[in-house]
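The next block holds one structure in the form of structure tokens; read it before the comments.
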Amino acid sequence: MPAISTNDLKNGVSLNIDNTLYTVVEFQHVKPGKGGAFVRTKLRNLRTGNMLERTFNAGIKVEQAILDKRDMQFLYKEGDAFVFMDTDTYEQITIQPVTLGDAADYLVESATAQIALFGTEIVQVEIPASVELTIAQTEPGIQGDRVSGARKPATLETGKVIQVPLFINIGDRVKVDTRSGDYVTRV
15 MPAISTNDLK
25 NGVSLNIDNT
35 LYTVVEFQHV
45 KPGKGGAFVR
55 TKLRNLRTGN
65 MLERTFNAGI
75 KVEQAILDKR
85 DMQFLYKEGD
95 AFVFMDTDTY
105 EQITIQPVTL
115 GDAADYLVES
125 ATAQIALFGT
135 EIVQVEIPAS
145 VELTIAQTEP
155 GIQGDRVSGA
165 RKPATLETGK
175 VIQVPLFINI
185 GDRVKVDTRS
195 GDYVTRV
């Protein structure tokens, strides 16, 4: 594994610390008037998603984890598992829902995701910040009911339930923010 100096840390860099994979979320170089400089970091555990604050002395070496990021297309569900195909090699892999996390709520057939592998282990799944999905079930909007900001529950084609404005009907396509799960707009 290549080593990287703590002076070279950037957001998004992956590290292998004590056989645990982390990605740098935030970092700050601190040079106090007295004593040695240090680097204060916020790290996200790639396997669990937990956050960790850690301080390193400036200039020490830490192990960088090299992740193999591949664009993959979601093909179909097999039981609970999701089957993806590497768009370059056409190799298929099966991913469990626990590994996908919230991304599973927004995947429809032919959707593309970026899968990060550490060796053969899938450690991260990134999907676009917003996706367009069809409303599968919701109460009909009532004519003239235009209360500003009023919302109702709606079930997306993937099964996820979100809050949408009253004028949205079954069959409408909506844009959904995948980071927060919020309705953005009708498309």
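The C-terminal residue of the sequence shown carries number 201 in the working numbering, and the numbering is unbroken.
From the three backbone atoms N, C-alpha and C, an ideal C-beta is built for every residue, glycine too.
Query	Result
Beta carbon of I129 nearer than 7 Å to that of V137	no
Status (buried if at least 16 other CB within 10 Å, exposed otherwise) for I109	buried
Start-to-end residues for the beta strand (DSSP E) that takes in T69	65-71
Residues near L121 in its chain [Cβ-Cβ closer than 8 Å; skip 5 each side]	F88, F96, L114, A127, I141, T172
Contact the segment 43-53 vs the segment 79-87: 3+ CB pairs below 8 Å	no
Reduced DSSP category for V122 - H, G, I as helix; E, B as strand; rest coil	coil
Separation of D186 from I176, as counted between CA atoms	14 Å
Inter-residue spacing [alpha-carbon to alpha-carbon] between T34 and R68	14 Å
Continuous alpha helix (DSSP H) stretch holding T192: start and end	Segment: none, T192 is in no alpha helix (DSSP H) and carries neither H nor E.
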